[in-house]
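In the working numbering, the protein residues as written are 3 to 85. Positions of the beta carbon are idealized from the N, C-alpha and C atoms, including for glycine. What follows is one structure encoded as structure tokens, with my remarks underneath.
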């Protein structure tokens with residue numbers, strides 16, 4: 003991880019979901035990216051970038067805990083694999 007979620011930040015999460023195994027909390031931000039947080043440590047695990055407008059859909063895969071789907075106001079949808 004590269005940052006603790008307990009630190010004060012100016013980035014606001016818009017949507018959040020837990021992966022199906024509850025290992026990660028996945029959030030969107032006002033900067034149009036997707037952040038993955040490790041729930042045991044509170045550390046940010048990774049950040050996915052690609053959307054150029056607000057992300058308004060964030061869905062975890064129901065049986066594969068390392069997969070999430072996003073869709074944004076940029077008209078794009080992504081499947082992300084959590085490393």
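Closest residue to residue i among the options (Cα-Cα distance)
| i | options | result |
| --- | --- | --- |
| residue 31 | 57, 65, 68 and 82 | 57 |
| residue 60 | 71, 16, 50 and 34 | 71 |
CA-to-CA distance, residue j to residue i, given in whole angstroms
| i | j | result |
| --- | --- | --- |
| residue 41 | residue 83 | 17 Å |
| residue 16 | residue 29 | 7 Å |
| residue 23 | residue 45 | 17 Å |
| residue 63 | residue 80 | 12 Å |
| residue 68 | residue 25 | 9 Å |
Residue i vs residue j beta-carbon contact at 8 Å
| i | j | result |
| --- | --- | --- |
| residue 76 | residue 54 | yes |
| residue 85 | residue 43 | no |
Per-residue burial, residue i [other beta carbons within 10 Å of its own, 16 or more giving buried]
| i | result |
| --- | --- |
| residue 65 | exposed |
| residue 51 | exposed |
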